[in-house]
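In this text, residue positions in the sequence shown follow the working numbering: the first is 788, and each later residue adds one.
C-beta: ideal position from N, C-alpha, C; glycine also.
Here the structure is a predicted model, which is why all the values come from computation and not from measurement.
Step one of this worksheet: look at the structure below.
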Amino acid sequence: MAERACSRSIPRSPEELYEGYVFDLDGTIYLGEELLPGAKRLILKLRELGKRVIFLSNNPTKDPEMYAQKLSGLGLPTPPEEIVNTVVTMTRWLLENHPDAVVFPISEEPLKKSLREAGIRISEDPEEIDIVIASYDRTFEYKKLQIAFDAIWYYKRARLVTTNPDRYCPFPGGRGEPDAAAIVAAIEACTGAKCEVNVGKPDPVMLKTIMDMLGLEARECVMTGDRLYTEIKMAKGAGMPSAVVLTGETTVADLENEPEENHPDYVLERVDQLVPAHLREEFGWADA
Ligand SMILES: [Mg+2]
């Protein structure tokens, strides 16, 4: 019998291993500048067992290399290929769905660089822009809004999409920065257009991109995160098993108050409980 967490009887741990493991980062693998308990040995063990590991982020202001460096700096050596942020998902979404489109990214350098490297044409000429990509852009200015406005409203040719739906990006200590939703709202307000696509959490597009990359089906993977309304919601939308870890935002009380249809398949007190109990015993992980 599996151990149960909270009164709604959600199992604490999977009974078997999966082929693919998708992880949120902050609150799941690290908190601020420290790896969370069990994260390092879990990831090393999964790789050793030949499982596929992917780390997710909605933030399009960083390259996968920057996340790989951060994880490596925290003591968990990680290749950039294991990182999928919205720079990666937007680039792959365009290649898959609109490979010939001319795009105008309202973004910082990492997204532009990735689009250029993928051979996607970037333009600031509203007469030839097919897709305006709104994102988290700390270099946003009136000129960019004007180009988007002209391409969407005046020339009536461009569609609006976004990297991620976040209203703000929280910082440790309570401050934060306006995120991509603010740029989307500015463009929607002046053009009357509606943003059509979001390639970040909680849209299942993000997980579908990962399944394509890994060549795995949803049921062969498990999504682990600390937020019910992003990672768990996305996993449910993609038909992927999911685990919430209680080292970040979600508490046991949150789970009790959440309608059952939003519940994850597993509730972990620490992330290395993703490994089934009989294997933890075999590995000598008595503290997990
Ligand atoms: Mg998180």
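Ligand 1 heavy atom lying under 7 Å from the CB of residue i
i, result
"Thr-1037", "no"
"Asp-1041", "no"
"Gly-1012", "yes"
"Gly-1002", "no"
"Thr-873", "no"
"Asp-953", "no"
"Thr-926", "no"
"Asp-811", "yes"
"Ile-950", "According to the sequence provided, residue 950 is Thr. The question's Ile does not apply to it. No, since every heavy atom of ligand 1 falls outside the 7 Å radius drawn around the Cβ of Thr-950."
"Thr-815", "yes"
Residue from the options whose Cα sits closest to the Cα of residue i
i, options, result
"Tyr-955", "Asp-924, Ala-1022, Leu-932", "Asp-924"
"Val-889", "Arg-903, Ala-976, Thr-876", "Arg-903"
"Val-1077", "Ala-921, Thr-978, Pro-1046", "Absent from the structure is residue 1077, since the part of the chain shown begins at 788 and ends at 1075."
"Leu-882", "Ile-893, Ser-894, Ser-901, Arg-946", "Ser-901"
"Ile-797", "Ala-1075, Val-874, Ala-935, Glu-1047", "Glu-1047"
"Ser-929", "Ser-910, Ala-855, Ala-973", "In the sequence as displayed, the identity of residue 929 is Tyr instead of Ser. Nearest C-alpha to Tyr-929: Ala-973."
"Arg-799", "Pro-1051, Glu-1069, Ala-1073, Arg-834", "Pro-1051"
"Arg-893", "Arg-1006, Pro-801, Ala-1022, Thr-848", "Before going on, a small fix: residue 893 reads as Ile here, not Arg. Answer by Cα proximity: Thr-848."
"Ile-830", "Gly-987, Val-919, Leu-858, Ala-968", "Leu-858"
"Gly-814", "Glu-803, Leu-843, Arg-828, Leu-836", "Leu-843"
8 Å contact criterion, which residue i and residue j should meet: CB distance rounded
i, j, result
"Val-1032", "Tyr-805", "The pair is not a contact, with the Cβ atoms about 15 Å apart (cut-off 8 Å)."
"Asp-1059", "Gly-825", "3 Å"
"Pro-845", "Asp-953", "Note that residue 845 corresponds to Asn in the displayed sequence, not to Pro. With 8 Å as the limit, Asn-845 and Asp-953 qualify as a contact, their Cβ atoms being about 6 Å apart."
"Ala-1030", "Tyr-1053", "4 Å"
"Leu-1003", "Ala-980", "With a Cβ gap of about 35 Å, Leu-1003 and Ala-980 do not count as contacting."
beta-carbon residue i near ligand 2 non-hydrogen atom, thresh 7 Å
i, result
"Trp-880", "Although ligand 2 was asked about, the structure shown includes only ligand 1 as ligands."
Check your understanding: Fully enclosed by the stretch 1006-1073, which alpha helix (DSSP H) runs are 4 residues long or longer?
Key -> 1020-1025, 1039-1044, 1064-1070
**Study point:** Secondary structure, alpha helix (DSSP H): runs of 4+ residues fully inside the stretch 917-983
**Key:** 929-936, 967-978
Practice item. Starting from the N-terminal side, write out each stretch of the beta strand (DSSP E) that is 3 residues or longer and does not extend beyond the stretch 817-892. Key: Counting only runs of 3 or more residues that sit fully inside the stretch 817-892, the beta strand (DSSP E) segments are 839-844, 870-872, in chain order.
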